[in-house]
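Protein chains in written order, with the numbering used here: chain A, 3 to 370; chain B, 8 to 202.
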């Protein structure tokens with residue numbers, strides 16, 4: 003049979019963001035494949051070296067388009083570790099609420115994204131409508147829908163507005179009441195189940211070989227390897243939640259874990275709203291002008307559990323007003339580049355979009 | 008998954024016994040950082056992998072032109088002990104060669120390609136390391152090096168468009184000095200404190 007070259011993306015409903023999967027196919031079986039990144043390279047790491055520590059706050063959320071808050075958190079945490087800043091108690095809880103709302107929104111988007119490569123558009127519309135409700139809440143809290151610039155070194159930018167608790171509770175209740183419907187529409191749906199069950203497997207050895215983290219890792223190794231549990235940041239050690247796991251990682255198991263994580267996130271937000279103390283939300287970074295603020299020498303690797311896995315910022319300071327080097331470890335780097343090259347061959351053409359969706363490949367964080 | 012300072016001391020002993028450490032720092036209960044000789048990196052990664060550090064979290068470089076070195080950074084993670092270990096090693100900046108760690112961590116393949124593209128470090132052992140990854144048709148020095156100037160590159164690479172100036176500043180002379188000062192300060196902030 004003749005070998006054909008096919009492109010998945012960057013213009014394709016099944017592709018997330020501006021990257022392309024090049025596939026060499028025979029019939030509908032992929033023989034060779036690789037990811038073509040670089041269409042969204044904006045030189046962030048160089049740009050961060052040319053902005054001051056405080057200026058960078060407006061640059062970093064743009065590293066990952068759909069989930070910006072983890073960038074802010076990882077950067078703020080790293081700077082706080084280097085500078086030895088203690089964050090107020092209330093700010094920790096507000097950060098948790100923001101991060102968990104972001105986790106729900108991106109899991110809903112990924113779950114809805116499952117609808118588009120498989121042809122189940124109702125699912126996509128419903129999931130995106132719910133994501134929109136979260137963006138409305140973000141707009142009320144931070145003034146922005148997508149890039150919030152809300153979590154800053156020293157705390158959060160502003161306190162929560164009056165009455166936002168009711169909005170959040172109302173949204174969580176409405177999402178929770180429709181949770182079973184979502185399951186029926188997606189992973190309990192027999193048509194869809196046939197497509198996602200037993201396809202694009204991720205065995206445990208492959209997890210360790212590639213360095214996959216997050217949902218992909220937990221769905222294969224059957225252990226709660228979640229940074230929120232393993233090395234708790236913010237106040238994740240003060241709230242009760244479970245980490246859903248499985249020992250058989252097909253597309254269905256990974257989607258199932260994402261949905262179960264939504265339930266856990268709902269519970270975390272409710273507990274955080276209840277336990278949140280009153281008080282200040284931000285400490286001043288230091289005396290004098292914030293643009294002239296310096297950070298002591300040192301290097302630190304600060305990590306956050308994103309919806310796709312371990313998301314890290316490697317920050318080096320030489321004691322001046324600007325970072326000396328900032329390196330971003332995109333959570334989907336291993337599965338997006340090496341995973342597509344090594345483990346997509348042998349599957350069918352339509353499974354490529356499922357790999358990209360269920361493993362959560364985010365092209366902006368690969369390019370940076 | 009237990010975390011305590013015991014894990015940190017345990018790994019400190021392990022590294023201290025096996026290697027001559029140039030520098031060792033405990034950052035917190037979840038992270039330690041060691042600086043090693045270039046030759047020890049592969050042995051150290053192997054020792055750490057056997058001690059349960061099965062995941063390579065990050066691989067990159069830091070450029071230090073004043074000392075004429077490029078610092079390689081390897082970060083490995085042990086999920087059972089909740090510990091990140093940073094390994095640093097300095098290599099010559101004028102002839103940056105570092106043997107690939109592919110046999111130990113196959114996941115390093117694309118990190119090494121990226122490090123070659125952005126810092127110009129060669130990785131013998133990784134046969135793909137010279138392939139283009141993110142930058143398309145790049146014809147200048149590796150861009151993440153400190154002496155690469157993005158402004159000069161864009162001035163050279165892209166032709167300047169003529170700008171239409173359809174506004175006038177009223178009484179330009181009175182604010183001239185202040186404007187020059189402000190411009191100098193803004194420029195200093197943009198370029199890292201050099202006025």
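Backbone N, C-alpha and C fix where the C-beta goes; we use that ideal spot for every residue, glycine too.
Given the structure is predicted, the values throughout are model-derived calculations rather than measurements.
Measure how close the beta-carbons of residue 131 of chain B and residue 106 of chain B come, nearest whole angstrom, since I'm counting them as under 8 Å. Taking the first residue of the second chain as position 1, residue 131 of chain B is located at position 124. Taking the first residue of the second chain as position 1, residue 106 of chain B is located at position 99. Right, the Cβ-Cβ distance comes to about 6 Å (below 8 Å), so this counts as a contact.
Under a Cβ-count criterion, where at least 16 other Cβ atoms within 10 Å of its own Cβ denotes burial, should residue 29 of chain B be classed as buried or exposed? Locating residue 29 of chain B in the second chain gives position 22, where the first residue counts as 1. Residue 29 of chain B comes out exposed.
Does any CB atom of chain B fall closer than 9 Å to the CB of residue 7 of chain A? Within the first chain, residue 7 of chain A is the residue found at index 5, counting from 1. No, its Cβ sits nowhere closer than 9 Å to a Cβ of chain B.
Can you give the Cα-Cα distance for residue 316 of chain A and residue 269 of chain A, rounded to whole angstroms? As a working mapping, residue 316 of chain A is identified with position 314 in the first chain. As a working mapping, residue 269 of chain A is identified with position 267 in the first chain. Whole-angstrom Cα-Cα distance: 31 Å.
Among the candidates A/94, A/321 and A/313, whose CA atom is the shortest distance from the CA of residue 214 of chain A? Start at 1 with the first residue of the first chain, and residue 214 of chain A comes out as number 212. Residue 214 of chain A has its Cα closest to that of A/313, out of A/94, A/321 and A/313.
Closer than 9 Å to chain A by CB, residue 159 of chain B: Here the question's residue 159 of chain B lines up with position 152 in the second chain. For residue 159 of chain B, the answer is no, since every Cβ of chain A falls outside 9 Å of its Cβ.
Threshold first: 4 residues or longer. Then list the alpha helix (DSSP H) segments lying entirely within the segment 220–252 of chain A, N to C. 229–232
Selected residue, minimal CA-CA separation from residue 48 of chain A, among B/155, B/171, B/188 and B/164: As a working mapping, residue 48 of chain A is identified with position 46 in the first chain. Per the Cα distances, B/155.
If I follow the unbroken alpha helix (DSSP H) through residue 198 of chain B, where does it start and stop? What you label residue 198 of chain B is simply residue 191 of the second chain in a count that begins at 1. Taken as a continuous stretch (DSSP letters only), the alpha helix (DSSP H) holding residue 198 of chain B covers 183–198.
Between residue 91 of chain B and residue 300 of chain A, what straight-line distance do the alpha-carbon atoms span, to the nearest angstrom? Working through the second chain from its first residue, we reach residue 91 of chain B at position 84. Working through the first chain from its first residue, we reach residue 300 of chain A at position 298. Looking at the two C-alpha atoms, the distance is approximately 16 Å.
For the segment 129–141 of chain B, which residues have a beta carbon sitting closer than 9 Å to at least one beta carbon of chain A? 139, 140 and 141
Straight-line gap, residue 122 of chain B to residue 275 of chain A (C-alpha atoms, nearest Å): Locating residue 122 of chain B in the second chain gives position 115, counting from the first residue. Locating residue 275 of chain A in the first chain gives position 273, counting from the first residue. Rounded to the nearest angstrom, the two C-alpha atoms are 43 Å apart.
Measure the alpha-carbon distance for residue 94 of chain A versus residue 304 of chain A and round it to whole angstroms. The residue labelled residue 94 of chain A in the question sits at position 92 within the first chain. The residue labelled residue 304 of chain A in the question sits at position 302 within the first chain. When rounded, the distance between both Cα atoms is 16 Å.
Could you check whether residue 55 of chain B and residue 94 of chain B sit closer than 9 Å to each other, using their CB atoms as the reference points? Against the second chain, residue 94 of chain B aligns to sequence position 87. Against the second chain, residue 55 of chain B aligns to sequence position 48. Yes, they are a contact pair.
To the nearest angstrom, report how far apart residue 42 of chain B and residue 167 of chain A are at their CA atoms. Mapped onto the second chain, residue 42 of chain B falls at position 35. Mapped onto the first chain, residue 167 of chain A falls at position 165. Roughly 48 Å separates the two Cα atoms.
Three or more beta-carbon pairs under 8 Å between the segment 10–21 of chain B and the segment 274–291 of chain A, yes or no? By the criterion of at least three beta-carbon pairs nearer than 8 Å, the segment 10–21 of chain B is not in contact with the segment 274–291 of chain A.
With 16 as the cutoff for other CB atoms within 10 Å, does residue 334 of chain A come out buried or exposed? As a position in the first chain, residue 334 of chain A is number 332, starting the count at 1. With 16 or more other Cβ atoms within 10 Å, it is buried.
Cβ distance (whole Å) where residue 19 of chain A is taken to contact residue 65 of chain A below 8 Å: As a first step, residue 19 of chain A is located in the first chain; it is residue number 17 there, counting from the start. As a first step, residue 65 of chain A is located in the first chain; it is residue number 63 there, counting from the start. About 12 Å; that fails the 8 Å criterion.
Using only the alpha-carbon positions, how far apart do residue 111 of chain A and residue 76 of chain B sit? The count along the first chain starts at 1 and reaches residue 111 of chain A at position 109. The count along the second chain starts at 1 and reaches residue 76 of chain B at position 69. If you draw a straight line from the Cα of residue 111 of chain A to the Cα of residue 76 of chain B, it comes to about 44 Å.
Hey, quick one: how far does the alpha helix (DSSP H) through residue 73 of chain B stretch, first residue to last? The count along the second chain starts at 1 and reaches residue 73 of chain B at position 66. Unbroken run through residue 73 of chain B: none, as it is neither H nor E.
DSSP state of residue 3 of chain A mapped onto helix, strand, coil: Counted from its first residue, the first chain places residue 3 of chain A at position 1. Three-state result, residue 3 of chain A: coil.
Option nearest residue 59 of chain A by Cα separation, candidates A/319, A/154 and A/325: Here residue 59 of chain A is taken as the residue at index 57 of the first chain, counted from 1. Checking every option, the nearest Cα to that of residue 59 of chain A belongs to A/154.
Among B/88, B/72 and B/33, which one has its Cα closest to the Cα of residue 60 of chain B? As a first step, residue 60 of chain B is located in the second chain; it is residue number 53 there, counting from the start. Distances from the CA of residue 60 of chain B to each of B/88, B/72 and B/33 were compared; the closest alpha carbon is that of B/88.
State the start and end residues of the unbroken alpha helix (DSSP H) segment that holds residue 112 of chain B. Stepping through the second chain from its first residue, residue 112 of chain B is reached at position 105. No alpha helix (DSSP H) holds residue 112 of chain B; DSSP gives it neither H nor E.
Which partner residues of residue 38 of chain B appear in the DSSP bridge assignment? Here residue 38 of chain B refers to the residue found at position 31 when the second chain is read from its first residue. According to the DSSP secondary-structure assignment, residue 38 of chain B is paired through a beta bridge with B/35 and B/91.
DSSP three-state label for residue 119 of chain A, please. The residue you call residue 119 of chain A lines up with position 117 of the first chain. In this structure, residue 119 of chain A counts as helix in the three-state DSSP scheme.
Residue range of the unbroken alpha helix (DSSP H) whose run includes residue 193 of chain A: Taking the first chain and counting its residues from 1, the one referred to as residue 193 of chain A is at position 191. Run containing residue 193 of chain A: 192–198, per the alpha helix (DSSP H) assignment.
With a cut-off of 8 Å, do at least 3 Cβ pairs link the segment 86–93 of chain A to the segment 140–159 of chain A? yes
When you check each C-beta in the segment 57–88 of chain B against every C-beta of chain A, which residues fall closer than 8 Å? 61, 62, 63, 64, 65, 67, 69, 70, 80, 82, 84 and 86
Are the segment 172–185 of chain A and the segment 220–232 of chain A in contact at 8 Å, needing three or more beta carbon pairs? Taking 8 Å as the limit for Cβ pairs, the verdict is that the segment 220–232 of chain A does not touch the segment 172–185 of chain A.
By alpha-carbon positions, which one of B/196, B/151, B/133 and B/48 ends up nearest to residue 72 of chain B? Here residue 72 of chain B is taken as the residue at index 65 of the second chain, counted from 1. Nearest of B/196, B/151, B/133 and B/48 to residue 72 of chain B, Cα basis: B/151.
What does the alpha-carbon distance come out to for the pair residue 22 of chain A and residue 41 of chain A? Counting from one through the first chain, the residue named residue 22 of chain A turns up at place 20. Counting from one through the first chain, the residue named residue 41 of chain A turns up at place 39. Spanning the two alpha carbons is a distance of roughly 9 Å.
Between the segment 335–355 of chain A and the segment 23–39 of chain A, do at least 3 Cβ pairs fall closer than 8 Å? Touching, yes.
Got a sec: which bits of the segment 36–48 of chain B sit with their beta carbon under 9 Å from any beta carbon on chain A, in order along the chain? Cβ contacts with chain A come from 36, 37, 38 and 40.
Check whether the Cβ atoms of residue 126 of chain B and residue 103 of chain B lie closer than 9 Å to each other. What you label residue 126 of chain B is simply residue 119 of the second chain in a count that begins at 1. What you label residue 103 of chain B is simply residue 96 of the second chain in a count that begins at 1. Contact: yes.
Where do the N-terminal and C-terminal ends of the beta strand (DSSP E) with residue 22 of chain A fall, by residue? Within the first chain, residue 22 of chain A is the residue found at index 20, counting from 1. 22–28 is the extent of the beta strand (DSSP E) around residue 22 of chain A.
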